[in-house]
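Notes to accompany the following structure.
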Amino acid sequence: MLESELFALLERTPDATFVVSDDGKIQFWSKAAQHLFGYSPEEVQHKSCFQVLHGMGSLGTQVCHEGCSVMQCAEKETEVPNFDMSVKTKGGRRLWINMSTLVFENPRNGRRLLIHLAHDVSEQKKTEQLLQKTLDVSQQLKQLPVRPSPASPLSEQEKLVLRLFAEGKSSLEVESSLNISVQTLRNHVHHINQKLRTRNRLEAVMNAIQRKLI
Numbered sequence: 043m044l045e046s047e048l049f050a051l052l053e054r055t056p057d058a059t060f061v062v063s064d065d066g067k068i069q070f071w072s073k074a075a076q077h078l079f080g081y082s083p084e085e086v087q088h089k090s091c092f093q094v095l096h097g098m099g100s101l102g103t104q105v106c107h108e109g110c111s112v113m114q115c116a117e118k119e120t121e122v123p124n125f126d127m128s129v130k131t132k133g134g135r136r137l138w139i140n141m142s143t144l145v146f147e148n149p150r151n152g153r154r155l156l157i158h159l160a161h162d163v164s165e166q167k168k169t170e171q172l173l174q175k176t177l178d179v180s181q182q183l184k185q186l187p188v189r190p191s192p193a194s195p196l197s198e199q200e201k202l203v204l205r206l207f208a209e210g211k212s213s214l215e216v217e218s219s220l221n222i223s224v225q226t227l228r229n230h231v232h233h234i235n236q237k238l239r240t241r242n243r244l245e246a247v248m249n250a251i252q253r254k255l256i
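Laid out in structure tokens, this is it:
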């Protein structure tokens, strides 16, 4: 396959796709990449991907740099794992992407190309961070001595629902774990809030932890 044919094929993928040579220079930049990151192909052509995206890891460490781990994996001909990183768009906004990489060896000229496919996972990251904060607060509340006002007793099913939410499960995961419908879960949460005098699921979880109900 010619490189021009490869680039034409990649242009059809829904993910933001860009291709770099083995020296880290961008050779191809798809329309989806332009839409996600804000840069036109002309603005990034032959620039290093780390100069464009400024990729950072979850701990604030620099992921994109000269001789990055992706390059090292490609050189050693080992599998390149998918990973998440925070990147900077042309407008200065940072967003989280999941990056997967394919290695293309051109038999005609012996050139190695790294094909990067990225999609936005910013909302997923926000959800993960919120769940982690909830779990952290839950652990802190367990250490606090409290004397909450009396409340109607919860059923075992209602306690189980709260326990699953406290573990960071989503509504869909709770429904699947308990084999119940969306409406049944809503009814449980409604009754729980009535009994604990809370206004939402998060307050109910915190209240139940304080009361040592879960």
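Using the working numbering, the first residue of the sequence shown is number 43, and each one after it goes up by one.
Virtual Cβ for every residue (Gly too), placed ideally from N, Cα, C.
Computed from a prediction, not measured in an experiment: that's the story for all the values here.
What's the call for residue i, buried or exposed, on a 16-neighbour Cβ count within 10 Å?
i	result
V129	buried
H232	exposed
T59	buried
S72	buried
V247	buried
G133	exposed
What's the C-alpha gap between residue i and residue j?
i	j	result
F49	F79	18 Å
D126	E200	36 Å
S194	E170	32 Å
E47	K89	22 Å
V122	E198	46 Å
G210	Y81	37 Å
Could you check whether residue j and residue i sit closer than 9 Å to each other, using their CB atoms as the reference points?
i	j	result
L155	Q87	no
L255	T176	no
L227	S213	yes
So, for residue i: in the same chain, excluding its five sequence neighbours on each side, which residues have a beta-carbon less than 8 Å away from its beta-carbon?
i	result
A74	T55, P56, D57, A58, T59
L52	T59, V61, F70, S72, I157
Please work out which residues of its chain come closer than 6 Å, Cβ to Cβ, to residue i, disregarding the five sequence neighbours upstream and downstream, and give them in chain order.
i	result
Q62	Per the sequence presented here, residue 62 reads as Val, with Gln not at that position. Taken in chain order, the residues that qualify are I68, C91, L156.
N235	A246
Who are the near neighbours of residue i in its chain, counting only those whose CB is closer than 7 Å to its CB and skipping five residues on each side?
i	result
A208	S180, V247, I251, I256
inquiry  = Count Cβ pairs between the segment 153-170 and the segment 133-145 that sit closer than 8 Å; are there 3 or more?
reply    = yes
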